[in-house]
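See structure below.
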Amino acid sequence: MRVKHKPWAKDRLEEFPAIYIKNPEDFKGRWQEVFGNNNPIHIEIGSGKGQFISGMAKANPEINYIGIEMIESVLVSALDKAIEAEVPNLRLVARDAKLLEESFEKGEIAQIYLNFSDPWPKKRHTKRRLTNPTFLTIYERLLPKAGEIHFKTDNRSLFEYSLVAFSEYNMLLTFVSLDLHNSDYEGNIKTEYEEKFSAKGFPIYRLEAKFDRD
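Under the UniProt record's numbering, the sequence shown has 157 at position 157, and the numbering climbs by one with no breaks.
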């Protein structure tokens, strides 16, 4: 997807330090201080324009949320949604997923959401997929024993790849849906992409998984 560059996005984000965390590495191991409570922390990697993460924060005030999106020109839209939603339990960060361990301590994150991630369909780009074992290793370090990954996509190839990747990594698949919107799953909050693709008749695939650790 081509993103329109917004040269003013960085300045706009920095106008709201209560929501946008400019230097997340400064709070590694101390995110509970940022939120001012001991509630569990959930992160969404690739938050896009922020509809999902703002909706989750609104629906679950007892959980702290951090939306992570590396493109500031996109993240600024998530900022607007966060301001509109008036959710004190949401923060936004502009970072590449490869650098997560610079910003979060081991076991500091309770849950991870991956929604409509770039499928990187070419074989030579496999390592860029957010469900690749390289990233799963990072997630495993960040999550506690009971921590989960929730993944949604409209891309069947990416979903099938992810099912295999999770299984081969010895993860436990606790929920799998090949047509989320026609299932009995309750409490689903849609992303912008989800609304777009489901309106065109595409099925939405979803899974929940956790690491099988003693």
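Idealized CB from N, CA, C, for every residue including glycine.
Please read these numbers as outputs of a predicted model, since none were measured by experiment.
Helix or strand or just coil, what does DSSP make of residue i?
| i | result |
| --- | --- |
| residue 138 | helix |
| residue 81 | helix |
| residue 205 | strand |
| residue 105 | coil |
| residue 171 | strand |
| residue 177 | strand |
| residue 69 | coil |
| residue 115 | strand |
| residue 156 | helix |
| residue 39 | coil |
| residue 64 | strand |
| residue 130 | coil |
| residue 20 | strand |
| residue 75 | helix |
Between residue i and residue j, how many whole angstroms is the CB-CB distance? I'm expecting something under 8 Å.
| i | j | result |
| --- | --- | --- |
| residue 44 | residue 52 | 6 Å |
| residue 119 | residue 157 | 7 Å |
| residue 66 | residue 93 | 6 Å |
| residue 100 | residue 19 | Rounded, the Cβ-Cβ distance is 19 Å, inconsistent with contact. |
| residue 189 | residue 56 | 6 Å |
| residue 151 | residue 162 | 6 Å |
| residue 13 | residue 79 | 6 Å |
| residue 194 | residue 49 | That pair is no contact at about 12 Å. |
| residue 103 | residue 82 | 18 Å between Cβ atoms; not a contact. |
| residue 4 | residue 73 | 7 Å |
Among the candidates the options, whose CA atom is the shortest distance from the CA of residue i?
| i | options | result |
| --- | --- | --- |
| residue 41 | 63, 167 and 126 | 63 |
| residue 209 | 129, 170 and 193 | 170 |
| residue 95 | 81, 77, 46 and 127 | 46 |
| residue 132 | 103, 147, 199 and 164 | 164 |
| residue 196 | 116, 149 and 83 | 116 |
Can you have a look at residue i and say buried or exposed, based on whether 16 or more other CB atoms are within 10 angstroms of its CB?
| i | result |
| --- | --- |
| residue 185 | exposed |
| residue 75 | buried |
| residue 108 | buried |
| residue 153 | buried |
| residue 180 | buried |
| residue 167 | exposed |
| residue 30 | exposed |
| residue 97 | buried |
| residue 173 | exposed |
At a cut-off of 7 Å, would you count residue i as near the ligand MN, judging by its Cβ distance to the nearest heavy atom?
| i | result |
| --- | --- |
| residue 114 | This structure lacks the ligand MN; in fact it carries no ligand of any kind. |
Exercise. Is it a yes or a no for the region 134 to 146 touching the region 106 to 114, going by three-plus beta-carbon pairs under 8 Å?
Worked result: Judged by pairs of C-beta atoms under 8 Å, the region 134 to 146 touches the region 106 to 114, as three or more such pairs exist.
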